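Enquirer: Protein chains in written order, with the numbering used here: chain A, 430 to 862; chain B, 97 to 373; chain C, 35 to 403; chain D, 523 to 776. I'd like to ask some things about the structure below.
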Amino acid sequence: MNRIIKSDYLARVEGEGGIMIEIKDGTVAKVHVRIFEAPRFFEAFLRGRPYQDVIDFTSRICGICPVAYQMSSVHAIEKIFKVAVSPPVRALRRLLYCGEWIASHALHMYLLQGLDFYGFDSAWSGREYREIAKQGLRLKKIGNAILAVLGGRPVHPVSVRVGGFFSMPSRKTLASLLPELEKAFEESLKAIAWTAALDFKDYSPDAEFISLCSSEEYPMNEGRIMSTNGLDVTFEEFLAAVQEHQVDYATALHAAIMREGIAVTYLVGPLSRLNLNHERLPSGIRSAVTAAGVSLPIRNIRMAIIARAIEISYAFHEAIRIIQDYEQPEKACESFEPSAGAAAWATEAPRGTLIHRYELDEKGCVIAATIIPPTSQNLAQMEKDIAAFAGRHMAKPTDYIRREAEKIVRGYDPCISCSTHAMIVDSSRGSAI
Amino acid sequence: MYDRSIPFGATIKWMKKETRDTWTYALRINDREIKKSYCFQPGQFNMLSLPGIGEAAISISSHAADHDLLHTLKVAGDVTTAISKMRAGDVIGVRGPFGRGWPMEEADNKNVIIIAGGVGIAPLRSVMRHLAARHRDRSGKVMIYYGAKTPKDIVYRDEFPRYRDMFSVFLAVDKADPEEYWKGEVGLVTRLLAKTSFDPLGTTVFICGPEVMMRATISDLLIRGVPGEKIYLSMERHMNCGMGICGHCFFGPKFVCKDGPVFRYADIADFLGLREV
Amino acid sequence: MKRVKIIKEDLKTIFEALAQRYRTIGPKLVHGTVVMAESSFEDIPAGYEDRQGPGSYRLEKKETEEIFSFSPGADSFKKYLCPSSVTSFSFQKSAKGFVVDVPEREGMPLAFIGSRACDLAALSLLDQVFLDGPVRDQGYEGRRKSIFIVSVNCNHPSENCFCDAMGTGPYAKEGFDLCITEIRNWLLVEAGSVEGEKVLEILPHREIDAGDLDEKRIVIARCREMIKKSMKTEDLPGVIYRNLEHPRWTEIAGKDLECGNCTMVCPTCFCNSSYDVLSLRTVSSNLRDFSGVRRRTWDSCFSKNFARVHGGNFRPSRRARYRHWMTHKLAYWIEQFGSPGCVGCGRCITWCPVGIDITHELEELRRVR
Amino acid sequence: MKRQRIGIFKLASCDGCQLAVLNLNEELFDLAELYDIAYFREALNRSPLKQYDIALVEGSVTTERQKKEIIEIRERARFLMTIGACATAGGIQALRNWANLAEFKRQVYPSPELISVLPTSTPVSEHVYIDYELWGCPVDAEALSETLVSLMVGRRPGIPIYSLCMDCKIKGIPCVLVSQGDPCLGPVTRAGCGALCPSFGRGCFGCFGPKEGANIDALMHRFEDLKMARKDAVLLMDKMNTYAYRRTRLEQDH
Ligand SMILES: Cc1cc2nc3c(=O)[nH]c(=O)nc-3n(C[C@H](O)[C@H](O)[C@H](O)COP(=O)(O)OP(=O)(O)OC[C@H]3O[C@@H](n4cnc5c(N)ncnc54)[C@H](O)[C@@H]3O)c2cc1C
Ligand code: SF4
Ligand code: SF4
Ligand code: SF4
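Shown next as structure tokens:
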């Protein structure tokens, strides 16, 4: 029996996309994660713009993870200008990321994916779910508060600049967040148990997990890119290995790593980070994870919600540590001179590794830009997962397959707005690098 | 006295539809003490205040001897729309009274001309009521000129017959539907004025209406020899506080809220002709 | 009243003595400008000098022993006595009506340290507006009532000061509790009230003699000489009233940003707007019950809708709005309160992003074309 | 009383303004009590209805599909309100309006022929009548809640239309333009963000768009006095509200 199973417009994901599964002669012939989000041409209009614009503009790629864009771009530019930021700046940039992880993960767990396990349309439609959602929003609000203190507002914060920040908060201001953070940390440990107890009916096939790794800490802004299959490369090397290609049904590009001439799909995001870095979690969180009955690594994408819960806990823990150690520095920003050059940098967006590469002229204006967001790296893997699922459940009703396929996609927490802005750039050389 | 910067509650006792967009409301002040000390002059106004919506300056249309505190308002924006949706028994916030009203001593035992346009009749109703109450023992003629858009837009329609018994009343409309029974004047009030005769030196004039209408009328009056000192007009400006501390209502150097709304023409003549002051 | 000489360190004692009973508000550095803020003796930006020009302000640290080497920044008493945003009352509405609740006045009274003569003049203008009208503004009165003022006579007038021309400065004549004149390495402190004298009593000090008073006069005279800006005030309302159609207004409108900065920084501009604030929290779905607050915030005659009514706007054009502002300051005010609404502090000139200069514009208006 | 139905729709955007709805946090539930949130893809799995009392639209019109969509949304909504710089002014993607589309496509996509979009990104108001607009990149959650409450109780929302400078002064934030000589768009920009950038010591770059009748040329001259190149001064406006600033400036000339 030949069937086409379609979900025209995915709900509870960020941006506009759909799914198409074609079953033909008893096999899954095609799976397309269709992305019809309108392209916005960031890499094109960045050309010619001064370096500060890069930070403010790329943040507008995504309202849910603006910090990630600011972080990848500011670090790449600092690498070109050879600016080293001070330890407090480094710490507060991590804190900014903590805020974003908390806000973005809490949103996804409680308002988007969490509902899949309860069968409600929205966080406010089911009375029984309301308390859970409210708790989630309380956590999210604290994430927002961190962003607002450091950057003025939760969406598109304004304080990040090359060399540091435009200004840094006083110790007192930051410390005022502590009581709430401490309460929230306790709550977040319980949330790990909540997610671990959810009913993950199906499983996903194994994948290659890729994330930033550094020996000292759970990765955010620094490290090398590693994978569960032994990849261990610099940003530039990674960019050289990644191949992006365009498909005719999506405005986003699909990425894969080229290994011995074969395109290998892979997965970035909280699961990857956790699987590669869980040893660097503080012991308090590790024991909460064990107590919840979770065994690491986790290979099932539906269970990414557990990884998000763990990362929220970590973000609270890390935020508390950073604030406790914080002393307001004399100056918020290193001085520097713009210079010409090119560099790539990756940081860990809530949804996974986000790579930027810029080529700047001597005034610091953009000659070329490449942006590879996490979701476009995951798209191919996502399709593979759906295909595998559909293959196993081919006999099930169309509705069931559609619903479950949607759930798989939601497990990835795709950020479709981001994913439509990928890549290539330097048309003169005709390659990604 | 109570603090006029804080609204007190007044209950709508009854309401009456005057025209398609204008209503008269009778209010009863709820607080005993305030009710006792509340007193006003014809021409003064209240800030009607709906908590959560906002405030609007509305003239007091009643006379001190009236049983109820009356306000006549035309639906214009937020507050007036919200009030138009209220019913008897509902509570409205009131701050006031504010401003300087009509100089009633100038009307006592003198010839008085009242000229009003549209809802501008509202602050003059209290003057008409005042004059009507003293009709028997006062000397001097009273002439009322009132212009509305159409016969349907005449505010206080049912009160005019009574005034006709005591005063000369002239009504005009800008436009009358041929189907309607309208035996009055069609045209501007100034036309009415031109048709009648009065003693220009021995008459006090009170005017309220749209600013263009007031300017036109005044220039006619001046030509006919009425001294500027004898012409009084009530001005409208954006009003926010009502008590001279917000700066919105400036009309030249005057605060409409505390120096007005009623001004002697001679005092503001210099500014009345200017654009955008 | 009592006059004494103290050394500079004793100023710290004054701060501390006042801090017992007042919130001490004084000059402080924020983002490279002098602002008025809750502060201590150590916060005084001693030795900093400002250079001001139309639309420009720069602060620099100088090699000097002086304390009050700077002139005031953008803030004045206004910021505290008629704050930029106040809750007039809160209300609770129900089907039966509404209940209003006026908030309690906040705790400690304020002590202002470092106010200048022009500020004192401005304060007395604000008093007229808020206290002498038909309704006394209770919030203002409450905040104003128990303040303590330590004023400072200027040694370094800014390039935009013209208090001398307006007869408001450069030295304070009245309206302070204490007044300081900085003379070389000591301070001459004069009491202007009984409260002020009490503070002087606790200080180790030396009584002054005629020579010291001469020194004060010299300081003031020197300051006067340094004031370069002026405004011709003669025939003031007249010259403006006669020129309400002067072509200059249109020229200014070409440059004017109508950003409202001049009104915000002017120590006498008092315009404000009140509006009700509700939130999703406090409105119930039947719409009968809700609670909220009435808030009053600074507003400006430069705001587009400031003079808007049903059927139109009385001052739709930029030209009219600028003209209204300047005419209010220099003409209307005289009719309303008996003196100009400008005290010559120069703030509107400094903090106007395009540097429109009220003294210069008045000169232009005087020019017959 | 029957609750009014809200639909929240998206065109070309970053989702940040829809997120402002979710950033109401606990108040989101108050909103869901007061209104029937009937369409909201980002947070609700429900198909579109025939009629909405209020439609909130995020995003600008950049494709043929969106052109049809916005007309359909208008037909279904009693009250249509744009939220954010994209919907209100075309957004940052309107930078393409001043460029060559074919070139842009080539710079981003390996197979540009597969990409079908309009040559311009335009505000919703250029396609359908709008009842109200909320500026900002992103809109402010508080302004959004103020607007929704105001619609509910029947009053004009208390959203200021004055300049950002006024907010700076109201908040006591030192002026970066006057005291630092840093270019700041504040004087010609609407208040609404709470003067964020100046509060961090940085000049405004125009999230909330030009205020009505802004005198942009006068500010540009000032920037030139500050030794800023004309090109850089223009670039300052060419950001999230590029289309609106440029239009305001043109209107001023006439
Ligand atoms: C002394 C005095 C006495 C008065 N007496 C009476 C009277 O007896 N009867 C009477 O009917 N009227 C009277 N008025 C007029 C009345 O005060 C106004 O019509 C008042 O504005 C109505 O208030 P509102 O809240 O209904 O309208 P508002 O909501 O204030 O709206 C009024 C108009 O202004 C526009 N508007 C105001 N602010 C804005 C803004 N920020 N943005 C866009 N548009 C805006 C509105 O669209 C509308 O057209 C008097 C006015 C004064 C000054
Ligand atoms: S008008 Fe200008 S100079 Fe005069 S007091 Fe106000 S701010 Fe100072
Ligand atoms: S910093 Fe910018 S917005 Fe603020 S007052 Fe100065 S010019 Fe205006
Ligand atoms: S750029 Fe301007 S509008 Fe945007 S946050 Fe900064 S100050 Fe506010």
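Beta carbons are placed, not taken as given, at the ideal position from N, Cα and C, and that holds for glycine. Computed from a predicted structure; not experimentally measured.
For D:R525, which of D:Q774, D:L541, D:L553 has the nearest alpha-carbon?
Expert: Position 3 of the fourth sequence holds residue 525 of chain D. For D:R525, the nearest C-alpha among the options comes from D:L553.
Enquirer: For ligand 1, I want to know if B:P219 counts as a neighbour, meaning its beta carbon is within less than 7 Å of at least one of the ligand's heavy atoms.
Expert: By 1-based counting over the second sequence, the position of residue 219 of chain B is 123. Yes, the beta carbon of B:P219 sits closer than 7 Å to at least one heavy atom of ligand 1.
Enquirer: Note down, in chain order, each residue of its chain lying with its Cβ closer than 8 Å to the Cβ of A:F486, except the 5 sequence neighbours on either side.
Expert: The residue given as residue 486 of chain A occupies position 57 in the first sequence. Correct list, in chain order: F471, F474, L475, R478.
Enquirer: Assuming B:L42 contacts B:G321 (C-beta within less than 8 Å), just tell me the rounded distance between them.
Expert: Outside the displayed range of chain B (97 to 373) lies residue 42 of chain B, so it cannot be described from this structure.
Enquirer: Look up A:S860 in the DSSP assignment and say whether it is helix, strand or coil.
Expert: By 1-based counting over the first sequence, the position of residue 860 of chain A is 431. In this predicted model, A:S860 has a pLDDT of only 26, less than 50, meaning its place in the structure is not dependable; the value taken from the coordinates is given anyway. Looking at A:S860 - three-state DSSP - the assignment turns out to be coil, as it is neither helix nor strand.
Enquirer: With burial defined as no fewer than 16 other Cβ atoms inside 10 Å of the residue's Cβ, what is the status of A:M852: buried or exposed?
Expert: Counted from its first residue, the first sequence places residue 852 of chain A at position 423. The predicted position of A:M852 is uncertain, since its pLDDT is 39 and thus under 50; no value can be drawn from it.
Enquirer: To the nearest angstrom, report how far apart B:R230 and B:G236 are at their CA atoms.
Expert: By 1-based counting over the second sequence, the position of residue 230 of chain B is 134. By 1-based counting over the second sequence, the position of residue 236 of chain B is 140. Computed Cα separation, rounded: 11 Å.
Enquirer: Note down, in chain order, each residue of its chain lying with its Cβ closer than 7 Å to the Cβ of C:T331, except the 5 sequence neighbours on either side.
Expert: Here residue 331 of chain C corresponds to residue number 297 of the third sequence, with the count starting at 1. Contacts found: S118, S119, N306, S307.
Enquirer: With a CB to CB cut of under 6 Å and the five nearest residues on each side skipped, what residues in its chain are close to A:Q810?
Expert: Here the question's residue 810 of chain A lines up with position 381 in the first sequence. A636, T694, L696.
Enquirer: Going by the beta-carbon positions, is the gap between C:G107 and C:T67 smaller than 8 Å?
Expert: In the third sequence, counting from the first residue as 1, residue 107 of chain C sits at position 73. In the third sequence, counting from the first residue as 1, residue 67 of chain C sits at position 33. Contact: yes.
Enquirer: Determine, using beta carbons only, whether A:L521 and A:L579 come nearer to each other than 8 Å.
Expert: For the purposes of this step, residue 521 of chain A is taken as residue 92 along the first sequence, with counting starting at 1. For the purposes of this step, residue 579 of chain A is taken as residue 150 along the first sequence, with counting starting at 1. It is a contact, given that the beta carbons lie within the stated cut-off.
Enquirer: Enumerated in chain order, which unbroken segments of the alpha helix (DSSP H) with a length of 4 residues or greater are wholly contained in the segment 717-754 of chain D?
Expert: Under the rule that a run must span 4 or more residues, the alpha helix (DSSP H) segments found entirely inside the segment 717-754 of chain D read 718-721, 738-747.
Enquirer: Which two residues bound the contiguous beta strand (DSSP E) that contains C:D135?
Expert: For the purposes of this step, residue 135 of chain C is taken as residue 101 along the third sequence, with counting starting at 1. 131-135 is the extent of the beta strand (DSSP E) around C:D135.
Enquirer: In chain D, which residues lie with their C-beta within 8 Å of the C-beta of B:T177?
Expert: Here residue 177 of chain B corresponds to residue number 81 of the second sequence, with the count starting at 1. Within chain D, the residues near B:T177 are G676.
Enquirer: Under a CB-based cut-off of 8 Å, is C:K96 close to chain D?
Expert: Position 62 of the third sequence, counting from 1, holds the residue named residue 96 of chain C. No, its Cβ sits nowhere closer than 8 Å to a Cβ of chain D.
Enquirer: By the three-class DSSP mapping on this structure, what secondary structure does A:H534 have?
Expert: To locate residue 534 of chain A, count along the first sequence from 1; it is residue 105. Helix, per DSSP.
Enquirer: Counting by C-beta, which residues lie closer than 5 Å to a heavy atom of ligand 1, in chain order?
Expert: B:F141, B:A152, B:A153, B:I154, B:S155, B:L169, B:K170, B:A172, B:G173, B:D174, B:V175, B:T176, B:V215, B:A218, B:E332, B:M335, B:P357, C:N339, C:R342, C:H344
Enquirer: Does DSSP put A:C794 in a helix, in a strand, or in coil?
Expert: Reading the first sequence from its first residue, position 365 is the one you call residue 794 of chain A. Three-state DSSP puts A:C794 in a strand.
Enquirer: Can you name, in chain order, every residue of its own chain whose Cβ lies under 6 Å from the Cβ of C:G389, other than the five neighbours on each side?
Expert: Position 355 of the third sequence holds residue 389 of chain C. Closer than 6 Å at Cβ, skipping near neighbours: P88, G89.
Enquirer: Give the residues from the segment 339-350 of chain B that approach chain C closer than 9 Å (Cβ to any Cβ), ordered along the chain.
Expert: M339, G340, I341, C342, G343, H344, C345, F346, F347, G348, P349, K350
Enquirer: Who are the neighbours of B:V187 on chain C, taking C-beta pairs under 8 Å?
Expert: Working through the second sequence from its first residue, we reach residue 187 of chain B at position 91. Here the neighbours are K130, G131, F132.
Enquirer: Going along the chain, which residues of the segment 707-739 of chain D sit with their C-beta nearer than 8 Å to a C-beta in chain C?
Expert: G708, P709, V710, G723, K733, E734, G735, A736, N737
Enquirer: Return yes when at least one heavy atom of ligand 2 lies under 7 Å from the C-beta of C:G378, else no.
Expert: Counted from its first residue, the third sequence places residue 378 of chain C at position 344. C:G378 Cβ: within cutoff of ligand 2.
Enquirer: Is A:V587 close to chain D, meaning its C-beta is less than 8 Å from at least one C-beta of that chain?
Expert: Position 158 of the first sequence, counted from the first residue, corresponds to residue 587 of chain A. So, interface residue.
Enquirer: Between D:Q702 and chain C, is there a C-beta pair that is closer than 8 Å?
Expert: Taking the first residue of the fourth sequence as position 1, residue 702 of chain D is located at position 180. D:Q702 counts as touching chain C.
Enquirer: Could you check where the beta strand (DSSP E) with A:A773 kicks off and where it finishes?
Expert: Here residue 773 of chain A refers to the residue found at position 344 of the first sequence. That run of the beta strand (DSSP E) goes 770-778.
Enquirer: From what residue to what residue does the alpha helix (DSSP H) around A:F474 run?
Expert: In the first sequence, the residue the question calls residue 474 of chain A occupies position 45. Unbroken alpha helix (DSSP H) run through A:F474: 471-475.
Enquirer: Would you verify that the beta carbon of D:F551 is, or is not, closer than 8 Å to some beta carbon of chain A?
Expert: As a working mapping, residue 551 of chain D is identified with position 29 in the fourth sequence. Output row for D:F551: interface = yes.
Enquirer: Please state if the CB of C:Y174 and the CB of C:L115 are separated by a distance shorter than 8 Å.
Expert: As a working mapping, residue 115 of chain C is identified with position 81 in the third sequence. As a working mapping, residue 174 of chain C is identified with position 140 in the third sequence. Going by C-beta atoms, C:L115 is nearer than 8 Å to C:Y174.
Enquirer: Taking the beta carbon of A:Q753 as the centre, do at least 16 other beta carbons fall within 10 Å, making it buried, or is it exposed?
Expert: Within the first sequence, numbered from 1, the residue matching residue 753 of chain A stands at position 324. Flag for A:Q753 reads exposed.
Enquirer: Residues of chain A with a CB under 9 Å from the CB of D:Q588: which are they?
Expert: Position 66 of the fourth sequence, counted from the start, is the residue given in the question as residue 588 of chain D. A467, listed in chain order.
Enquirer: Please compile the residues from chain B whose C-beta is within a distance smaller than 7 Å of the C-beta of C:E369.
Expert: Locating residue 369 of chain C in the third sequence gives position 335, where the first residue counts as 1. Within 7 Å Cβ-Cβ: P349.
Enquirer: Taking 8 Å as the CB-CB limit, is A:N573 close to chain D?
Expert: Along the first sequence, read from residue 1 onward, the residue named residue 573 of chain A stands at position 144. It does: the Cβ of A:N573 has a partner Cβ on chain D nearer than 8 Å.
Enquirer: Which of the three DSSP states, helix, strand or coil, is assigned to B:K109?
Expert: Here residue 109 of chain B corresponds to residue number 13 of the second sequence, with the count starting at 1. Here B:K109 sits in strand by DSSP.
Enquirer: Give a single yes or no on whether C:T302 has its beta carbon closer than 7 Å to a heavy atom of ligand 2.
Expert: Taking the third sequence and counting its residues from 1, the one referred to as residue 302 of chain C is at position 268. Yes, ligand 2 has a heavy atom inside 7 Å of this Cβ.
Enquirer: What residue range is occupied by the uninterrupted alpha helix (DSSP H) comprising B:G189?
Expert: Numbered from 1 along the second sequence, position 93 holds the residue referred to as residue 189 of chain B. No alpha helix (DSSP H) holds B:G189; the beta strand (DSSP E) holding it covers 187-194.
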